[in-house]
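Participant: Here's a structure for you.
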Amino acid sequence: MQVSSSGLVQGVSTGSSRVKLVASDFANVELAGAEAEIEVVPITNLRVRAATQTLLVGRPGPVWIQAAGLSATALMSLQPSPRVTWSLRDPTAARLYTTHADDQLERSVVEGLSVRVVPLKPGVIALDVRVRNMGQIAESRLWDSTIEILGVSDIRTSIDGLSREFNTGDRLSIAAGSTVRLKSLPRGSWSAYEDGSFEVKNNGDVVAVRPGHGVIFVKHKDDRNNIDRQSVIHVEVSKPHYCTAEPSGEEESAARLVLRNSLGRELLAPQANVSLGSPFAAHVRRAVDS
């Protein structure tokens, strides 16, 4: 390992060395010092890495060059700087961007240790990668890497009249005998797998019949871009019990309403509203055998 007076460290051969930094004054008197141990490792197992081997249409994903034990950031410090060229075999399948945040140019050929891939249509994209000036690897290396693009995307679903959208894992809880209308963006076709507890119409109306469970599917086929969008909603139909009557404790003939379960208060319908007022007096008629 060689160290220059300006602090530039250059690895010559594999191994470990200690570097000492000394701060001195004009009289060459040592004021402070620090030591660091630096390990020089070889560049091996050079490969192309991606955040995931499957991408969704329209969602960018990073792709970068990585060596065994060395990240893309560590490879950037090599002198002279390595040159990596990325090229798409099918420019209509995806676009390549550099890692700069302000980069707005769409390319099919870019240079850099890491790039962003934006899929345009489903299928498999092939990247030709050429590496030059990579440390002790003097020769150029050329290989291809394939990434699968899935044409599946989510559909935004919600209840007509409510601003809140369904998230992944949310359950639609409705009361038996009620009806709600679901909407999707973009518009899709509705279907359901249920045990007879509810019915789903073509316009998105969900009619709760009796307590039970089921699943609602909404699908949308984008023939232009060959993308299948779908979403799943879990449904629970129950008999709601909003409140119970209990003795107030003040008088024998007084009763109060106590909220027990808020099931369906928000999801029954936009105009559904269950409120609990102050306790009111009521005559209690007790049974003879109570």
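At position 234 of the sequence shown the residue is numbered 234 (the UniProt record's numbering), and the sequence of numbers has no breaks.
In this text, a Cβ means the ideal position worked out from N, Cα and C, and glycines have one as well.
What does the alpha-carbon distance come out to for the pair V124 and A50?
Facilitator: Answer to the nearest angstrom: the Cα atoms are 14 Å apart.
Participant: Sorted by chain position, which residues of the same chain lie with C-beta nearer than 6 Å to P186's C-beta, five sequence neighbours on each side aside?
Facilitator: The answer, listed in chain order, is H220.
Participant: Are P119 and L55 closer than 7 Å when you measure CB to CB?
Facilitator: For P119 and L55, yes; Cβs fall inside 7 Å.
Participant: So what's A175 in DSSP terms, helix, strand or just coil?
Facilitator: Of the three classes helix, strand and coil, the one that applies to A175 here is strand, per DSSP.
Participant: Specify the secondary structure class of L75 as computed by DSSP and reduced to three states.
Facilitator: Residue state, collapsed to three classes: helix.
Participant: Use the C-beta contact count for G214: other C-beta atoms within 10 angstroms, 16 or more gives buried, fewer gives exposed.
Facilitator: The residue in question, G214, is buried, as its Cβ has 16 or more Cβ neighbours within 10 Å.
Participant: With DSSP as the reference, label G123 as helix, strand or coil.
Facilitator: Reduced to three states, the DSSP call for G123 is strand.
Participant: Taking the alpha-carbon positions, what's the A126 to S184 distance?
Facilitator: Going by the C-alpha atoms only, they are around 34 Å apart.
Participant: Taking buried to mean at least 16 other C-beta atoms within 10 Å of its own C-beta, is P82 buried or exposed?
Facilitator: By the neighbour-count rule (16 or more Cβ atoms within 10 Å), P82 is buried.
Participant: Could you check what DSSP says for V12 in three-state terms: helix, strand or coil?
Facilitator: Coil.
Participant: Quick check: what's the CA-CA separation for V63 versus T44?
Facilitator: So the alpha carbons of these two residues sit roughly 18 Å apart.
Participant: Leaving out the 5 sequence neighbours to the left and right, which residues in its chain are closer than 6 Å to P91 when beta-carbon positions are compared?
Facilitator: The answer, listed in chain order, is S108.
Participant: Exposed or buried, which one is M76 when buried takes at least 16 other CB atoms within 10 Å?
Facilitator: Per the 10 Å Cβ criterion, exposed.
Participant: Distance check for Q2 and F26, CA to CA, integer angstroms please.
Facilitator: Cα-Cα distance, rounded: 26 Å.
Participant: Can you list, in chain order, the residues of its chain whose CB lies under 7 Å from that of L267, leaving out five sequence neighbours each side?
Facilitator: In this predicted model, L267 has a pLDDT of only 39, less than 50, meaning its place in the structure is not dependable enough to derive any value.
Participant: Based on the DSSP output, what are the partners of A23 in its beta bridges?
Facilitator: Paired residue(s): A32.
Participant: With 16 other CB atoms within 10 Å as the buried threshold, where does V200 fall?
Facilitator: Burial call: buried.
Participant: I need the straight-line Cα distance from V235 to G212, nearest angstrom please.
Facilitator: If you take the alpha carbons of V235 and G212, they lie about 8 Å apart.
Participant: With DSSP as the reference, identify every bridge partner of R89, one or two as the case may be.
Facilitator: Answer is none; R89 lacks a bridge partner.
Participant: So R111 and V131 are in contact, right, with Cβ under 8 Å, and what is the actual spacing, rounded?
Facilitator: Correcting the residue identity first, residue 111 is Glu in this sequence and not Arg. Not a contact, Cβ separation roughly 11 Å.
Participant: How would you write the range of the beta strand (DSSP E) that R95 sits in, first residue to last?
Facilitator: First-last of the beta strand (DSSP E) with R95: 94-97.
Participant: Check whether the Cβ atoms of V218 and S197 lie closer than 7 Å to each other.
Facilitator: No. Outside cutoff.
Participant: In whole angstroms, give me the CA-to-CA distance for Q79 and G61.
Facilitator: The straight-line gap from Cα to Cα measures roughly 28 Å.
Participant: Comparing alpha-carbon positions, which option in R229, A176, S178 lies nearest W190?
Facilitator: Looking at the Cα atoms, R229 is the closest of the given residues.
Participant: Taking 6 Å as the limit between beta carbons, can you name the residues of its chain near R116, skipping five residues before and five after?
Facilitator: Taken in chain order, the residues that qualify are P60, P62, Y97.
Participant: Measure how close the beta-carbons of G65 and L8 come, nearest whole angstrom, since I'm counting them as under 8 Å.
Facilitator: It is worth fixing the name first, because residue 65 is Ile in this sequence and not Gly. 23 Å between Cβ atoms; not a contact.
Participant: Mind checking which residues open and close the beta strand (DSSP E) that includes R47?
Facilitator: Per DSSP, R47 belongs to the beta strand (DSSP E) from 47-50.
Participant: Helix or strand or just coil, what does DSSP make of G196?
Facilitator: The answer is coil: DSSP assigns G196 none of H, G, I, E or B.
Participant: Of the residues E39, S24, S71, L162, which one's Cα is nearest the Cα of G11?
Facilitator: Out of E39, S24, S71, L162, E39 has the C-alpha closest to the C-alpha of G11.
Participant: In whole angstroms, give me the CA-to-CA distance for R210 and D223.
Facilitator: When rounded, the distance between both Cα atoms is 38 Å.
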